Each structure stands twice: as structure tokens, then as C-alpha cells.
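Numbering (mature numbering (1 follows the signal peptide of the UniProt record, and there is no 0)), first residue to last: -22 to -1, 1 to 333.
Below, the structure written as C-alpha cells:
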């Protein structure tokens, strides 16, 4: 079982566009039956919470009420002691009255067990999404379980003839800023557990992320995959602190420069991280033939326990059997520090020359 525990994690991100489609939660006329003056309990809006009946409509009605609420700080409540089955949903904060909304998740949220039961046909980009928020708090003691086991069985790595190319990300935040996520547990996402896209000032603290070590591409946190944290193109000013990671592929920057693209990552600080049984510890991956840079990267106070490759700077990244040898000019600055051990590579580095 791969477990990622995050005690303090601050992000400032500029990434790709929040794309794909899932059910958009638009406003509708509902009778507001809230629990308290500013708390909207999904049970009051028709959600059952037995883990069997689809509770998506109840969540939609509760969200409509929260979004329309005239209270300055409304709370969307998922109560403890209940299990809620949800189809893909996207919460859109663009036209809400408040810019200080709280999602209090104390219960358990699960996805449909079988991929064929997902109501998104073959276009499942994400399961739960949040977009267009400026001032959002997502917190609680609850669990969000993507029930990804049957999706993993459709992995192209294991089923090349009948694989599912598009597996959904479990939890995504896009086109947003000033978002706090705290205290939740994420389990068994079909693909990446958490993704941040085109967002700034995201604070993620005290999170636990769990998936089996052999689950394909179930990254804990993806910024822009089996990695605890993966950082993609356009990411900058990333502060990752107090992490327990393992098993899996560790913390990765990249891969960058695939198919000749220009891709950049800057100002990443990874500190006080413990790796347990990972294939890699900290890793930077760049393709031959691309352009860009990964610079001002600092790894500090890192501990490895039975990790196969503790520190990897792979300038010939090729996950396939064969890749054409090309020259790729990439400027990199890495500062890696573990107690009294220092490793420092100063740009420019010519990537693609023979080792």
C-alpha cells in the first residue's frame, strides 16, 4: 500500500488549462433546507448516504443553495457516518455570491465501482472537480475513494489490445486561487489522486493519500503520476515540506520536453522528506529533442529507506524500449542537500550528449 502523508505543502502554480468535460453544476431553483444559518447539509437536499444510491443530485442541490446563499461564508457539509456515491461532478464557483466558501467533508465519498457505470461515456477526464474559485476551503476528516481497481485492470501497460487510454483524475482544482485543502484522506484514484491546473496560491496540508504500490499512474499530487508528487510544465514557486512517501516512484519533476516541446519548471523547494521502499527518491526527467529548463530546484534534508535510486537526474528519459538519440539543450540548476551531503549541478547543461 502506497501512502503519502502531507503535513505542510504550499503551492504557487502556473500550469496548463483546466480541460475536459464532466457534469457542470449550474444553478437551479431549490428549496433551501439548511442545517444552521450558513451550513448546507447534503442530507437535507436529498442525498441518502448509504453507499449504494447515486447521491449526485443531492450534492447538486446543496451546491446550488451554497452558491446562491447571501451569507458571507457558507459551508457545504458532507456529514460523518455516511457513505455517498457520486458520479463525475464539477463545482463551478464563477457566479457564486460568496468568495469564502467551505466544503466540510467528514463523511466518505466513493466513485462507481465499475468503469462502465461512470456517466461520462469514454470522456472521463476527472471525477470531482473545482474551478473558477477565489477563496475556497476544502477540509474535514473524511475520505474520498475513487475505487480505481477496475480502472487499473484496463491499464495499457497490462492490456495493450483492450486498454482504457483515458482514466479519470480523482480530484482536480483548476482556474482557481486562494484555495486551502486540509485533513482529508484520498484513496485508490483511477489515475492521479489530486491535480492542480492553472491555479495559484494553493495550500494543501495534513493530507493522506493511499494506493497500492502496483497501481498505474496514481500520483498522489500532480501539479500542472505512481509518483507521490509529480511536477509538470509551467510550475513555479513550489514548496513541498514534511512528506512521508512510499512505495512508488518518489517525487518527480517532469518529464519535460516530450516531442520537442519547450517546457519549464522553476523555484521548487523539497524539504524534510522520508522515502520508504520507493523505486526512486527525488527525480528530474527530461526528454531528448525538447527545449526549456528545470532550474532553481532544491532538495534538502531527505531520508531514504530501501529506495532503489535515491537521486536521479535523467537527461535521456525514455519510458519505451527505444528512443531516437537527439540533442536537447536544457538549462538546469539543481541543489540537492541531505544533512552533510551536497550535490550541486549548475546550468547550463547540454542534454542529449552521450554519457
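Ideal Cβ placement from N, Cα and C applies to all residues, glycine included.
Given the structure is predicted, the values throughout are model-derived calculations rather than measurements.
Check: Using the C-alpha atoms, what's the distance from residue 45 back to residue 4?
Finding: For the purposes of this step, residue 4 is taken as residue 26 along the chain shown, with counting starting at 1. For the purposes of this step, residue 45 is taken as residue 67 along the chain shown, with counting starting at 1. Low confidence applies to residue 4: its pLDDT is 40, below 50, so where it sits in the model is not reliable, and the reading given next is rough at best. About 9 Å.
Note to self: Only counting the same chain, and skipping five residues up and downstream in sequence, which positions put a Cβ closer than 6 Å to that of residue 187?
What the structure shows: Against the chain shown, residue 187 aligns to sequence position 209. The answer, listed in chain order, is -19, 164, 171 and 198.
Notebook entry, point to check: Do you know offhand how far residue 195's Cα is from residue 224's?
Noted result: Here residue 195 corresponds to residue number 217 of the chain shown, with the count starting at 1. Here residue 224 corresponds to residue number 246 of the chain shown, with the count starting at 1. In a straight line, the C-alpha of residue 195 is about 14 Å away from that of residue 224.
Margin query: At the level of alpha carbons, what is the spacing between residue 215 and residue 229?
Written below: In the chain shown, the residue the question calls residue 215 occupies position 237. In the chain shown, the residue the question calls residue 229 occupies position 251. Cα to Cα, the separation comes out at about 16 Å.
Margin query: By the DSSP assignment, the alpha helix (DSSP H) with residue 44 in it spans what residues?
Written below: In the chain shown, the residue the question calls residue 44 occupies position 66. Note, residue 44: alpha helix (DSSP H), 34 to 46.
Next item on the list: Spatial neighbours of residue 282 within its chain, please: CB distance less than 7 Å, with the 5 preceding and 5 following residues excluded, ordered by chain position.
Entry: In the chain shown, residue 282 corresponds to position 304, counting from 1. These residues qualify, in order along the chain: 253, 259 and 288.
Checklist line | Inter-residue Cα distance where the pair is residue 128 and residue 106 | finding: Position 150 of the chain shown, counting from 1, holds the residue named residue 128. Position 128 of the chain shown, counting from 1, holds the residue named residue 106. Going from the Cα of residue 128 to the Cα of residue 106 covers about 18 Å.
Margin query: Which of the three DSSP states is assigned to residue 191 in this structure?
Written below: Residue numbering aside, residue 191 sits at position 213 when the chain shown is read from its first letter. In the structure shown, residue 191 sits in coil (DSSP, three-state: anything other than H, G, I, E or B).
Notebook entry, point to check: Can you give the Cα-Cα distance for residue 49 and residue 67, rounded to whole angstroms?
Noted result: Within the chain shown, numbered from 1, the residue matching residue 49 stands at position 71. Within the chain shown, numbered from 1, the residue matching residue 67 stands at position 89. Rounded to the nearest angstrom, the two C-alpha atoms are 24 Å apart.
Check: Among 276, 236 and 159, which residue has its Cα nearest to the Cα of residue 337?
Finding: Residue 337 lies beyond the residue range present for the chain, which begins at -22 and ends at 333; the question has no answer from this structure.
Check: Are the Cβ atoms of residue 96 and residue 193 separated by less than 8 Å?
Finding: Residue 96 sits at position 118 when you count from the first residue of the chain shown. Residue 193 sits at position 215 when you count from the first residue of the chain shown. Against a cut-off of 8 Å, the Cβ pair of residue 193 and residue 96 comes out as no contact.
Notebook entry, point to check: Excluding five sequence neighbours on each side, which residues of the same chain lie with their C-beta closer than 7 Å to the C-beta of residue 29?
Noted result: Taking the first residue of the chain shown as position 1, residue 29 is located at position 51. Correct list, in chain order: 61, 63 and 88.
Next item on the list: Rounded to whole angstroms, what's the CA-CA distance from residue 178 to residue 157? Just pull it up for me.
Entry: To locate residue 178, count along the chain shown from 1; it is residue 200. To locate residue 157, count along the chain shown from 1; it is residue 179. Going by the C-alpha atoms only, they are around 8 Å apart.
Checklist line | For residue 292, three-class secondary structure by DSSP | finding: Residue mapping note: residue 292 aligns to position 314 of the chain shown, counting from 1. Three-state DSSP puts residue 292 in a strand.
Checklist line | Close-in-space but distant-in-sequence residues of the same chain around residue 341 (CB under 7 Å, 5 per side omitted) | finding: With the chain covering -22 to 333 only, the question about residue 341 has no answer from this structure.
Item checked: Alpha-carbon spacing of residue 82 relative to residue 115, whole angstroms -> What you label residue 82 is simply residue 104 of the chain shown in a count that begins at 1. What you label residue 115 is simply residue 137 of the chain shown in a count that begins at 1. When rounded, the distance between both Cα atoms is 8 Å.
Note to self: Please state the DSSP three-state secondary structure of residue 238.
What the structure shows: The residue you call residue 238 lines up with position 260 of the chain shown. Three-state result, residue 238: helix.
Margin query: Measuring only the C-alpha atoms, how far is residue 166 from residue 108?
Written below: Counted from its first residue, the chain shown places residue 166 at position 188. Counted from its first residue, the chain shown places residue 108 at position 130. Near 19 Å, if we compare the C-alpha coordinates of residue 108 and residue 166.
Notebook entry, point to check: Just reading off the beta strand (DSSP E) that residue 279 is part of, what are its end residues?
Noted result: Counting from one through the chain shown, the residue named residue 279 turns up at place 301. Its beta strand (DSSP E) spans residues 269 to 283.
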